[in-house]
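Residue numbers (our numbering), protein chains in the order written: chain U, 1405 to 1715; chain Y, 388 to 893. For each residue, glycine too, the CB sits at the ideal point set by N, CA and C. Everything below concerns the one structure shown next.
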Amino acid sequence: MHDTGRTRLLLGVALIAALALIAASYSSGSSSVLGAVRHTAGSVFGSAERAVSSVTGPVGRFFGSGIVGARGGQVEQLQRKLARMRAELSAAQLSKADYAELSRMLALAGAGTYRVVPATVIAFGQGYQRTVTLDAGSSDGIKPQMTVLDGDGLVGQVVSVDATTCTVLLASATSSVVGVRLAPSGQVGWVTGGGSAKGGTGLFKLQVLDSGIVLRPGEQLVTAASVHDRPFVPGVPVGVIASVSDRAGALTAQALVRPYADFTALNVVGIVVAPPRHNPRFSVLPPKPAPAPTPKSTPAKTSRTTSPPGQ
Amino acid sequence: MKRLIVVVAVLAAALLVQLTIINGLDLPGGGAPDLVLLCVVVIGLAGGAQPGLVAGFCAGLALDLAPPANELIGQYALVFCLVGYGAGRMTFTLRQSPLLAFATAAAAVVTGEALAAGLALVLDTPQVTLATVAAVLPSSVLYDIALSPLALFAAVKIAVALGVSFNPLDDSPALERGGSAAPIGLAGLAGLRRVTNAVVAGGGPAVGSGGWVTGDSTASVAAVGEVGWLRGPATSRRARREQARLIAALTGAAPRKGAFWVGSRPPGLNPGAAATSVTPPSGLHRLHPSSGVAGSATRDSLAPRALPAKDLKIDFSHGGSPGAAAGGREGVSTPRIAFGSGGLPGRRPARGRSGPRINFSGSGRSAASAGRGTGLGHGGLPATVRGDGHGPAKIAFGTGSLPRAGSGGRRKVPRIAFGTGLSALHRSGTGPMARPRFRAGSARSASGSWLAGSRLRSAGLVTGGPGRGAGFRGGGSSYGLRRSHWPKAAKMRRKRRPRWLRWGRR
């Protein structure tokens, strides 16, 4: 403020430093120095986020879900319940309770084929990033390129791991590509994320290699097995075709897919640490709605609230 | 130190809350407010360019590194340090009007969001698409704008609690490090205003403001340099600014930053010294150039009743090493000031209506450079000084042909003469005399008030006893609240920069 020259010098230094950092991380995304820096910062900020989230997590979750679906008179009741729960439950217990549900579902659905580590979302990516941070890290056996799922379906893949936290690239990110199989036919294709689930439609884009196939709304998708089950284990439900975009002459058949997972309300997720011994194929999928589905009226939320699969 | 802690704590809290809660909210529109950006903007606005810059860089870097971040390191650091710096340059808006400050904060936030989006669009090509940005950006910007007044309000409250002053009259260099003052009281403020109004209303042709002097006298900036006050002519922008500041300090206008004292700093204004010595404010506003009576300038001040009327003294040579101020020559130390419309002969090719000029010189140098006799009264400038020595300075304001000019080898004191009617001999132009104009309503921070203010402050309060100690006492003029001319440096700057950025460079 007093010394303009010095301030300007400082500005120059800061700009150059920022540009150099950008250039360094652009050219070598996995350089050791930057990796170490990121790792250190990750552990520092990660533990801080864990601490903050353990306090504020329930509150944020409450508001986060409360805005989406404020269910009339239940709000007060939920608030009271929340206060009680906050008083008596730690975050670990909360996730354990959720884990019980999750593991029961997975055990039933996949015949005990996935082994998952439960984790809670503690931080969300800034700006346009579709990433979240989970409170499980390498000390829990998490490694990069593991599949992350929740009770509804595929969530994403682990991209970086710290000691106690890991970062997940959501399947809804535009840069995320997931190999899938169509449920009845086993046709192979892939979905790319639809960008921000917030604001945007949140629909995935499906492309199927066989251009001659006729896609129908309501068809379900599961992940296809990746090589060595990294990053995606087979059989995880991905979504359901919402609308088909017919393009005559296109190389691939294309459709829009409504994901099972609700990316705006992620809370308890599971990280698959051991792939299934057998490909569960389509056994994990939730049951199809009995009548011919009208895709517009069957959003993901509806399918979420249906009875757990396999029961 | 306390400020640093507060800033770091606020930024860390904003970062964590942003990542753990805000980004997870599913707000209508798809966007989310950016608390960290808001914090950086208000820190810049309330704290200045350098704090804003540093805070922006650090916060951006933290945002780049904190776990969910997956993009290139340095993106947010780049954007936020620019935004923080820019907001810091707009600090003056806080002293102008709250509305302007709110608008500035909103504009800075919008700029930050847009910059971040643009950079992400360019650098994170696979992950960020135009559709994504278009979906998220508008609502984010709206949330940010909605939150920015709140954030700014909170920031100003916190800053005030931490001792930052946003009083427009405290936009003073004296408050900066090495400055001399504590905030001026309300009483002093009112006094200043009253005096200013009186001068403006009843002054008539009273030209006493330092403003016009400052403005016109910059024509002789090079002369100041030649005399040896400064190291040579002003070739750089910085040197020009410095010279303008010196001239402003000498002619009664206050410098825009960094109060300057010729010779040693008066004890009362010493930043380190306890404010025990009470230095009364200047009384230059009582000077009437047309009175022509030496000594008519009283030291009657902003708090007139509290101070005995006294002759105005200007002593440039007070204190330890006059040579320091006078360019290294010892024993010379009597700068002289002549205000005349005619221009000093023998100096430089005088132009038509040259403004008042200032000639500082010691006797020897003056003789050498002017090539005439002794002293600097050459050219018929009145009441200038012959020889060295100490004694009370006098100021004579005359409109006539300035008696006592050029004679008298025995005067020991510098004198100042304000004259508009130099004899035609010494005038270089035939046109009408340059008449100083007194125009109201330019900058508040322009001149005068700071020096006067700082003196008031160092005096503890306005109602002080008579000042003791010498020094450049009479320099401050409370007229300076209105300034009709800008020093040359300011003029040049104004050409290059928009008018509303005038105080941005601080």
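Do the stretch 495 to 506 of chain Y and the stretch 395 to 410 of chain Y make contact, defined as three or more Cβ pairs closer than 8 Å? Not touching, per the Cβ criterion.
Rounded to whole angstroms, what is the Cα-Cα separation between cysteine 426 of chain Y and glycine 1541 of chain U? If you take the alpha carbons of cysteine 426 of chain Y and glycine 1541 of chain U, they lie about 31 Å apart.
Is it true that the stretch 1679 to 1690 of chain U meets the stretch 1520 to 1539 of chain U, where meeting means three or more beta-carbon pairs spaced less than 8 Å apart? no
Proximity of threonine 1596 of chain U and lysine 1609 of chain U at Cβ, strictly below 8 Å: yes
Tell me, please, which residues DSSP counts as bridged to arginine 1662 of chain U. U:Val1644
Pairing CB atoms from the stretch 439 to 450 of chain Y with CB atoms from the stretch 467 to 476 of chain Y, are three or more of them under 8 Å? Contact holds: three or more Cβ-Cβ distances are below 8 Å.
For the stretch 450 to 462 of chain Y against the stretch 1522 to 1535 of chain U, are there 3 or more C-beta pairs whose distance is under 8 Å? At 8 Å Cβ cutoff, the stretches touch.
Is aspartate 1566 of chain U close to chain Y? Criterion is C-beta to C-beta, closer than 8 Å. yes
Less than 8 Å between the C-beta atoms of methionine 477 of chain Y and leucine 432 of chain Y, yes or no? For methionine 477 of chain Y and leucine 432 of chain Y, yes; Cβs fall inside 8 Å.
Cβ-based contacts, 8 Å cut-off: residues of the stretch 1434 to 1449 of chain U near chain Y: Leu1438, Val1441, Arg1442, Ala1445, Gly1446, Phe1449
Would you say glycine 1416 of chain U faces chain Y, with C-beta separation under 8 Å as the test? Among the residues facing chain Y, glycine 1416 of chain U is not included, as its CB has no counterpart in that chain under 8 Å away.
Would glycine 1590 of chain U and glycine 1598 of chain U qualify as a contact pair, given that the criterion is a beta-carbon distance under 8 Å? no
Taking alanine 1422 of chain U as the reference, which of Y:Ile460, Y:Asp421, Y:Val497 has the closest Cα? Y:Ile460
Among all the DSSP beta bridges, which residues are the ones paired with serine 1609 of chain U? The sequence given here places lysine at residue 1609 of chain U; serine does not occur at that position. Answer by DSSP bridge pairing, in chain order: U:Thr1596, U:Leu1660.
Cα-Cα separation between arginine 1681 of chain U and leucine 1586 of chain U, rounded to whole angstroms: 21 Å
Rounded separation between glycine 1473 of chain U and glutamate 1480 of chain U - CA only: Residue placement at glycine 1473 of chain U is poorly supported in this model, since its pLDDT is 39, which falls under 50; the coordinates are not used for a value here.
Assign phenylalanine 1686 of chain U to one of three DSSP states: helix, strand, or coil. coil
Taking CB distances under 8 Å as the criterion, tell me whether glutamine 1483 of chain U reaches chain Y. no
How many angstroms separate the CA atom of alanine 1452 of chain U from the CA atom of alanine 1567 of chain U? 13 Å
In angstroms with no decimal places, state the Cα-to-Cα distance between alanine 541 of chain Y and alanine 1445 of chain U. 29 Å
First and last residue of the beta strand (DSSP E) that includes proline 1522 of chain U? Its beta strand (DSSP E) spans residues 1519 to 1528.
Could you check which residue in U:Phe1686, U:Val1437, U:Gln1658, U:Val1520 has the C-alpha nearest to that of lysine 1547 of chain U? U:Val1520
Have a look at arginine 1634 of chain U and threonine 1551 of chain U and give me their C-alpha separation to the nearest angstrom. 7 Å
Output the boundary residues of the beta strand (DSSP E) element that contains arginine 482 of chain Y. Looking at the DSSP string, arginine 482 of chain Y is not in any beta strand (DSSP E); the run it does join, the alpha helix (DSSP H), is 479 to 483.
Nearest candidate by alpha-carbon position, reference leucine 487 of chain Y, set Y:Gly411, Y:Ser535, Y:Arg390: Y:Ser535
From the DSSP secondary-structure annotation, give me the bridge partner or partners of glutamine 1561 of chain U. U:Thr1551, U:Leu1573
Counting only the same chain and skipping the five closest in sequence on each side, list residues whose C-beta sits under 8 Å from that of serine 1543 of chain U. Ala1567, Thr1568
Could you work out which residues of chain Y lie near tyrosine 1532 of chain U, taking near to mean beta carbons separated by less than 8 Å? Ala504, Ala507, Asp511, Gln514, Val515, Thr519, Val520, Val523
Boundaries of the alpha helix (DSSP H) in which leucine 440 of chain Y is found, first to last residue: 436 to 452
Kindly give me the distance between the Cβ atoms of glycine 1560 of chain U and serine 1580 of chain U, rounded to whole angstroms, as I take these residues to be in contact under 8 Å. 7 Å
Could you please give the first and the last residue of the uninterrupted beta strand (DSSP E) stretch that includes glutamine 1624 of chain U? 1624 to 1627
Is the CB of proline 454 of chain Y under 8 Å away from at least one CB in chain U? yes
Let me see if you follow: with CB-CB separation under 8 Å, is threonine 1551 of chain U close to chain Y or not? no
Between serine 1579 of chain U and chain Y, is the shortest Cβ-Cβ distance under 8 Å, so that the two count as touching? Closer than 8 Å to some Cβ of chain Y, the Cβ of serine 1579 of chain U qualifies, so yes.
Closer than 8 Å at the beta carbon, the chain Y residues around alanine 1669 of chain U: Correct list: Asp413.
When you compare only the Cα positions, how much space is there between leucine 450 of chain Y and phenylalanine 1449 of chain U? 10 Å
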